[in-house]
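> If you're matching positions, the sequence shown starts at 866 in our numbering and goes up one per residue.
We treat Cβ as the ideally placed atom computed from N, Cα and C, and that holds for glycine.
Just so you know, these numbers come straight off a predicted model, no measurement behind them.
Can you keep this structure in mind? I'll have questions shortly.
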Amino acid sequence: MNERLPISSHLKPTVAVYGAAGHTGRFVVKELSRRGFTAVAIGRDQAKLAAAEFPAGVRRELADINDPASLARALTGAAAVINCAGPFLDTAEPLVSAALRGGVHYLDVTAEQASAQAIFERYAAAAEKAGVVVVPAMGFYGGLSDLLVTAAMGDWTRADGARIGIALDSWRPTEGTRVTGRRNTVPRVAISQGELRPLADPAPNIVWPFAEPFGAQEMVELPFSEVVLIGRHLQLSELHTYLNTAPLRDLRDLATPPPVAADASGRSAQTFLVEVEIRQGNTMRRATARGRDIYAVTAPLVVEAVDRILDNRISDKAAAQGGVFAPGALFDAQSFLAELASEGVFLSIDPDQPLRARTSRQAAPTGGGGL
Ligand SMILES: NC(=O)c1ccc[n+]([C@@H]2O[C@H](COP(=O)([O-])OP(=O)(O)OC[C@H]3O[C@@H](n4cnc5c(N)ncnc54)[C@H](OP(=O)(O)O)[C@@H]3O)[C@@H](O)[C@H]2O)c1
């Protein structure tokens, strides 16, 4: 694929990116520049910042996560900051604090449940006081599933249960993913009987009948930050997230190399399919998204979010007073997801289906934790 042309030439606000020299941070800086934002690339390592290839006009700023003065300096003049420096258990709270002090909107891309949960619990009041919008977990794991579940819910305000099935054809992890995996030892939670409860031990295994080309996949229940987001704004009695086991084998193999660009956009050849099923009574609603490269796709997700926040295309409550929000509570989920088609993410929302007339693709799970 050829390098895409910038889609906007008029000047938009300045958006800072922390962890900008990392794999995901570089995608985010590039996407901001492509969409006409002035990007500030912030990092803790002078040499890595200097070596990173950013689009023309991107300013570089050095700031240590444990040095509030350096963070304040780096955020000066920015309307929003996107945190791409994980483990977020180490970086989210100091950067949210700096953003609130500076009156700067904050977004991050955490997949770590505990970091997203801490932001909701500890910063909601301060964000409202500062009139700042804070959105944790606006990445592939987290925000995308939250938006899909919200879009599939449509006019339902509550549901008996939801399942999220994530299929990856492979997973070449970045160093950041490996470090985060080692750092994040907090036990995972799912929603059961309407509450966040510890994931069953051992985690349930099921077979998920995905659409082609994935087909039937062996899955294990593995909830990420989407559970925290969804639990904040939708009433679900059950919510269970499953990942196919093949990419987990890649991830657990220390010999698996990091992702490599498969074309000029920098995206790898990795493909994903996310299927969401929601049940209310005897009716099933479904939504799916498919695309390429879970790291690269995080950039259009979080940049679309920042664009909407800075453009006031957000819920009335957020626009009026700020606070900590799940993407599904902040944005119009369907139009947000539809916007991603230009980034190679394809969405479908199926019409209601009677639960008893399941097709083979919608067969019941073979293990626990299902609908
Ligand atoms: N939710 C999702 O779907 C999603 C998608 C993509 C990424 N992520 C998460 O985002 C994080 C980064 O991933 P990546 O692929 O970009 O990894 P990466 O290429 O290794 O980059 C990580 C970046 O974070 C910086 N960093 C890490 N800890 C820091 C700290 N304590 N203080 C300051 N900077 C710090 C690193 O700086 P140094 O180079 O100086 O170490 C580096 O710039 C990971 O936690 C990953 O799980 C989540």
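Once you ignore the five residues that flank G1232 on each side, which residues in its own chain have a CB closer than 6 Å to its CB?
Here the model assigns G1232 a pLDDT of 30, short of 50, so the residue's position is not dependable, and the following value carries that caveat. So the qualifying residues of the chain are P1069, N1070, I1071.
> Counting C-beta neighbours from all protein chains within 10 Å, is the total for G1019 16 or more, i.e. buried, or is it exposed?
It is exposed - the Cβ of G1019 has fewer than 16 other Cβ atoms within 10 Å.
> Kindly examine ligand 1 and report whether one of its heavy atoms sits closer than 6 Å to the Cβ of E1169.
Checking the Cβ of E1169 against ligand 1 gives no.
> On the criterion of 16 or more Cβ atoms from any shown chain inside 10 Å, does A1228 qualify as buried, or is it exposed?
Low confidence applies to A1228: its pLDDT is 39, below 50, so where it sits in the model is not reliable, and the reading given next is rough at best. Exposed: under 16 other Cβ atoms inside 10 Å.
> For the alpha helix (DSSP H) that T1148 lies in, which residues bound it at each end?
Careful: T1148 lies outside any alpha helix (DSSP H), inside the beta strand (DSSP E) at 1148-1157.
> Could you tell me which whole beta strand (DSSP E) segments of length 3 or greater appear in the region 1029-1092?
Taking only runs of at least 3 residues, the beta strand (DSSP E) segments lying wholly in the region 1029-1092 are 1054-1057, 1060-1063, 1070-1074, 1081-1086.
> Enumerate, from N- to C-terminal direction, the unbroken beta strand (DSSP E) stretches of 3 or more residues contained entirely within the region 905-983.
As far as the region 905-983 is concerned, its whole beta strand (DSSP E) runs of at least 3 residues are 924-927, 945-948, 970-973.
> Excluding the 5 residues preceding and the 5 following V1093 in the sequence, name in chain order all residues of the same chain whose CB lies nearer than 6 Å to its CB.
For V1093, where only same-chain residues beyond five positions count, the Cβ hits under 6 Å are Q978, A981, Q982.
> By how many angstroms is the C-alpha of W1021 removed from the C-alpha of S1057?
Distance between the alpha carbons of S1057 and W1021 is about 19 Å.
> According to DSSP, is L1101 helix, strand or coil?
Three-state DSSP puts L1101 in a strand.
> Where are the beta strand (DSSP E) runs, 3 residues long or more, that stay fully inside the region 983-1027, in chain order?
Fully enclosed beta strand (DSSP E) runs of 3 or longer: 998-1000.
> Would the beta-carbon of K1313 be found less than 6 Å away from any heavy atom of ligand 1?
Residue 1313 falls outside the range modelled here, since the chain spans only 866 to 1236, and no answer is possible.
> Please report how far the alpha carbon of F892 lies from the alpha carbon of V1168, in whole angstroms.
One C-alpha to the other measures close to 10 Å.
> Compare the Cα-Cα distances from Q1218 to each of R1028, A937, Q1145 and report the closest residue.
Taking only the C-alpha atoms, the option nearest Q1218 is Q1145.
> With distance defined between alpha-carbon atoms, name the residue in A1154, I947, G901, Q1186 nearest to A885.
It is I947 whose Cα lies nearest to the Cα of A885.
> Can you tell me which of the three DSSP states G1131 falls into?
Coil, per DSSP.
> Does DSSP put V882 in a helix, a strand or coil?
Residue state, collapsed to three classes: strand.
> Cα separation between L929 and V905?
The question names Leu, but residue 929 is Asp in the sequence shown. C-alpha separation (whole angstroms): 15 Å.
> In chain order, what are the residue ranges of uninterrupted alpha helix (DSSP H) at least 4 long that sit wholly in the region 1160-1189?
Segments of the alpha helix (DSSP H) lying fully in the region 1160-1189: 1163-1175, 1181-1186.
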